[in-house]
Structures are given as C-alpha cells and as structure tokens.
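In the working numbering, the protein residues as written are 372 to 567. Note that CB positions come from ideal geometry on N, CA and C, so glycine has one too. Below is one structure, written out as structure tokens; comments come after it.
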C-alpha cells in the first residue's frame, strides 16, 4: 500500500494491495510447475504474504527470516520518497559517480544501509540455504533493493544497469548456487538497462 503512496517502506510493515495480490497470482501461475522443497521469506508482512500466495496448495510452510528484510532506510522510513530524494539528492549523485565497488559500500546517510550491507544479509541467507537444502529448490521472497543489490554483487549486472524501478513487483530470478558461485539462470520482471 505504501508503494502506491510513494512512501519509503524499508522495514515498515504494510499489506499487499489488490494489485499486488494480482501480480503475485501471476507469478504463482508462472512458477506452478516448479517443485519447491522449502519456502523462505522476509518477515515483513508484504513479503510473507507473497510467499504464502505462491506456496498455496504446495503443503509447504513459509519460514521467515530477518536477513531477507528490505534495506533499512533509517530516519526516512515512513517518509515520502520525494522528501528522501530531496534531502539526499547530493549524496545520491555523489554515490552514482563512484566506481562500481565504491557505490556498493557508499552510505548516503549514516543510518541507511549501504547496498553492500543489504546484499551481505541476502548472501548470508543464501549460503545458509545452500547448506541446509543442498540439491533442493528453495523459494526465497525478499524485496526489490535486496534483490537489486544482490544481483549486482553476484555479477548479473552493474548497478547502473539496474536503476531504481528495474526490479518489478512480483518479479523472480532463478539462481543456481553452490554457496560460493551464483549463476542467474532466468530473470523475469527484471528490466536490465542497456549501457549507453
């Protein structure tokens, strides 16, 4: 709901809208032939509900994990996106001029997670999942900034190829991993930008 109002959510709970539920139903349809052995989700309500919808009829419980939460936006959580962009426009512009690795570690505000910090959480969970569910297929439900920063970290794209908004709601990525190497096999609803 806060997405439609252009409010910074981060760790704030908000329900899926009717449109969000419809988008997830389409993702469920696309994934209907995938045999999942385990379902993991961020403990944030909108992600958990997404996982529950996709898992319906599969006789699988949804296991929630704080590691999969969206990036934390500090004092900007619950604030309008326009306020966030206005207050931090210089820092965001400064970050965007940096080299790729420096962009990942750059903090636009002391209380906001860097892309590296966010993707570290996701990669920590993925490494645990590979160990606990070796050779199995795990559905992992998280959030756009988490997915974006992780895709950059594993080499799927450079950060400027996945700008804000490139990860669409209810998109999915199929990743094969041994816990060290990550190979993106499929990306649906991810709009990778061409380098100009």
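Here residue 413 is near residue 441, since their CB atoms are less than 8 Å apart.
When DSSP states are grouped into helix, strand and coil, residue 539 belongs to the strand group. In the displayed model, residue 387 falls within coil according to three-state DSSP, outside both helix and strand. By the 16-neighbour rule on beta-carbons within 10 angstroms, residue 419 is buried. Pairing residue 417 with residue 445, the inter-Cα distance amounts to about 19 Å. When DSSP reads this structure, residue 412 sits in a beta bridge with 435, 512.
When rounded, the separation of the alpha-carbon atoms in residue 443 and residue 517 is 10 Å. Between residue 563 and residue 528, the beta carbon gap of about 5 Å places them in contact (Cβ cut-off 8 Å). For residue 496, the uninterrupted alpha helix (DSSP H) segment begins and ends at 486-503.
According to DSSP, residue pairing for residue 561 in a beta bridge involves 538. When secondary structure is reduced to three states using DSSP, residue 380 falls in the coil class, being assigned neither helix nor strand. For a cut-off of 8 Å, the C-beta gap from residue 512 to residue 421 is around 5 Å, short enough to register as a contact. Here the alpha carbons of residue 560 and residue 543 stand approximately 7 Å from one another.
For residue 479, there is no enclosing alpha helix (DSSP H), since its DSSP letter is neither H nor E. Where residue 464 is concerned, the enclosing alpha helix (DSSP H) starts and stops at 452-467.
Considering only 491, 501, 427, the residue with the shortest C-alpha distance to residue 392 is 427.
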